[in-house]
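> Quick note on numbering: numbering that gives the first Met the number 0 labels position 63 of the sequence shown as 62, and the sequence is numbered without any gaps. Beta carbons: idealized from backbone N, C-alpha and C, even for Gly. Treat the numbers as computed from the prediction; the structure is a model and nothing was measured.
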Amino acid sequence: MRPKSTVIWSFFDEMTVNSAKCKQFGKSFSRKGGGTTSLKLHLKSQHSDKYEELLLQEQGNQQNEPQTAKQLTPLQECKKQLTIKDSLKNKGPWDEIDK
0 MRPKSTVIWS
10 FFDEMTVNSA
20 KCKQFGKSFS
30 RKGGGTTSLK
40 LHLKSQHSDK
50 YEELLLQEQG
60 NQQNEPQTAK
70 QLTPLQECKK
80 QLTIKDSLKN
90 KGPWDEIDK
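(1) Are any of the Cβ atoms in chain D nearer than 8 Å to that of P73?
(2) Is K39 closer than 8 Å to I7 when the C-beta atoms are compared?
(3) With DSSP collapsed to three states, give me the class of T82.
(4) Applying the criterion that 16 or more other CB atoms from any shown protein chain within 10 Å of the CB defines a buried residue, is T72 buried or exposed?
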């Protein structure tokens with residue numbers, strides 16, 4: 000079994016790759032594809048207090064993750080849409096009015 004990377008595992012025990020057991024009820028749940036969505040839905044519908052705790056823990060984890068600036072590749076940079084302000088700065092020969 001792979002290491003647990005989500006806080007949902009403080010509320011469930013992994014039995015197999017495709018099943019987990021609720022620590023509150025002791026009930027087993029299927030995890031098709033190894034996801035945790037069914038486990039979260041169980042907490043939400045049966046243990047609302049634990050679900051709120053889960054949401055708070057997830058928010059805390061997101062705030063602790065370092066924020067890295069996204070670097071654009073040269074191709075992404077040239078495809079980036081101009082803002083209106085930048086567009087108005089970039090005058091072309093067609094923008095000149097003949098008087």
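So, to answer that:
(1) Considering every chain present, this structure includes no chain D. It has just one protein chain.
(2) To locate residue 7, count along the sequence shown from 1; it is residue 8. To locate residue 39, count along the sequence shown from 1; it is residue 40. Their beta carbons are under 8 Å apart, which means I7 touches K39 by this criterion.
(3) For the purposes of this step, residue 82 is identified with residue 83 of the sequence shown, where counting begins at 1. In this structure, T82 counts as coil in the three-state DSSP scheme.
(4) Here residue 72 is taken as the residue at index 73 of the sequence shown, counted from 1. By the 10 Å Cβ count, T72 comes out exposed.
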